[in-house]
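*Asks:* Heads up, the sequence shown stops at 177 in my numbering, and the numbers go up one at a time, no gaps.
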Amino acid sequence: MRLLATLLVATLPFAAFAAGSDDTEPPKPTETTTDCTEGQVWDADSKSCVNPEDARLDDDSRFAAVRELAWAGRPEEALRVLAAMTEGETDRVRTYQGFALRKSGRIEEGLAAYEAALAANPANILARSYYGQALVEQGEYEMASAQLLAIDHYGGRASWAHRALAQAIQTGQTTSY
């Protein structure tokens with residue numbers, strides 16, 4: 001039992017990371033960004049584009065679409081899909097609200113969303129990376145570096161989230177989506 005408890009404590013940062021957002025790599029394009037328009041989401045069962053509010057979609061499908069749309073440079077459409085999610089103001093929702101808001105030019109709202117995500121889950125390394133990149137864009141390198149250290153603390157040193165923020169701090173250029 002003691003071994004189980006030790007293993008659980010040792011893996012907590014990784015479990016928290018998985019709960020917040022276990023995939024920090026850029027998403028691969030699917031029909032959501034190649035075929036669908038105006039914030040619609042590809043539904044694999046019906047093989048068609050559907051509105052994000054469609055009951056056939058679950059929040060994981062919506063979330064995948066949000067990530068893909070945000071990365072494809074379609075932040076307003078990503079915000080539309082986020083608005084249809086039923087899980088509430090979770091840290092993963094707030095992370096991508098921050099991302100989409102920031103990429104649509106609403107910087108202050110984006111920063112507030114990242115801060116809310118981190119208040120809900122301090123181990124959310126993706127939120128930390130995006131927040132840190134936003135700080136780099138604002139010239140706040142010391143604060144961005146603190147986010148990089150926190151990513152390391154929560155076990156994200158080998159992640160895209162770490163690499164992207166470290167590069168932004170080093171070069172002054174954030175990842176362009």
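Quick reminder that beta carbons are idealized off the backbone N, C-alpha and C, glycines included.
1) Just to confirm before moving on: does the CB-CB distance between A100 and A78 stay below 7 Å?
2) Could you tell me whether the Cβ atoms of A134 and R102 are closer together than 7 Å?
3) In this structure, what does DSSP give as the bridge partners for C49?
4) For M143, I'd like the list of residues in its chain whose CB is within less than 7 Å of its CB, leaving aside the five on either flank, ordered along the chain.
5) Does the Cβ of E76 have 16 or more other Cβ atoms within 10 Å, making it buried, or fewer, making it exposed?
6) Which residues bound the alpha helix (DSSP H) around A119?
7) Given a cut-off of 7 Å, decide if D91 and A117 are closer than it, judged by their beta-carbon atoms.
8) Do G98 and G88 come within 7 Å of each other at the CB atom, strictly closer than that value?
9) With the cut-off set at 7 Å, would you say S41 and P52 are in Cβ contact?
10) Below 6 Å CB to CB, which residues in the same chain sit around L69 once its five sequence neighbours on both sides are set aside?
11) I need the boundaries of the alpha helix (DSSP H) containing R62, first residue and last residue.
12) Over what stretch of residues does the alpha helix (DSSP H) that includes A123 continue unbroken?
13) Pop quiz: A127 and T95 are said to be a contact at Cβ under 8 Å. What is the actual Cβ separation, rounded to whole angstroms?
*Replies:* Taking the structure as given:
1) Reading the sequence shown from its first residue, position 100 is the one you call residue 100. Reading the sequence shown from its first residue, position 78 is the one you call residue 78. A contact, by the Cβ cut-off of 7 Å.
2) As a working mapping, residue 134 is identified with position 134 in the sequence shown. As a working mapping, residue 102 is identified with position 102 in the sequence shown. Closer than 7 Å, so yes.
3) What you label residue 49 is simply residue 49 of the sequence shown in a count that begins at 1. Answer is W42.
4) Stepping through the sequence shown from its first residue, residue 143 is reached at position 143. Excluding sequence neighbours, M143 sits near L135.
5) Reading the sequence shown from its first residue, position 76 is the one you call residue 76. That one is exposed.
6) Residue numbering aside, residue 119 sits at position 119 when the sequence shown is read from its first letter. Unbroken alpha helix (DSSP H) run through A119: 107-120.
7) One-based indexing of the sequence shown puts residue 117 at position 117. One-based indexing of the sequence shown puts residue 91 at position 91. For A117 and D91, yes; Cβs fall inside 7 Å.
8) For the purposes of this step, residue 88 is identified with residue 88 of the sequence shown, where counting begins at 1. For the purposes of this step, residue 98 is identified with residue 98 of the sequence shown, where counting begins at 1. Not closer than 7 Å, so no.
9) For the purposes of this step, residue 41 is taken as the residue at position 41 of the sequence shown. For the purposes of this step, residue 52 is taken as the residue at position 52 of the sequence shown. Note on residue identity: the sequence assigns Val, not Ser, to residue 41. Taking 7 Å as the Cβ cut-off, V41 and P52 qualify as a contacting pair.
10) By 1-based counting over the sequence shown, the position of residue 69 is 69. Cβ neighbours of L69 beyond the five flanking positions: E77, A78.
11) Translated into the one-based positions of the sequence shown, residue 62 becomes position 62. R62 -> alpha helix (DSSP H) spans 59-71.
12) Taking the first residue of the sequence shown as position 1, residue 123 is located at position 123. Run containing A123: none; DSSP gives neither H nor E here.
13) Walking along the sequence shown from the start, residue 127 turns up at place 127. Walking along the sequence shown from the start, residue 95 turns up at place 95. The pair is a contact, with the Cβ atoms about 4 Å apart (cut-off 8 Å).
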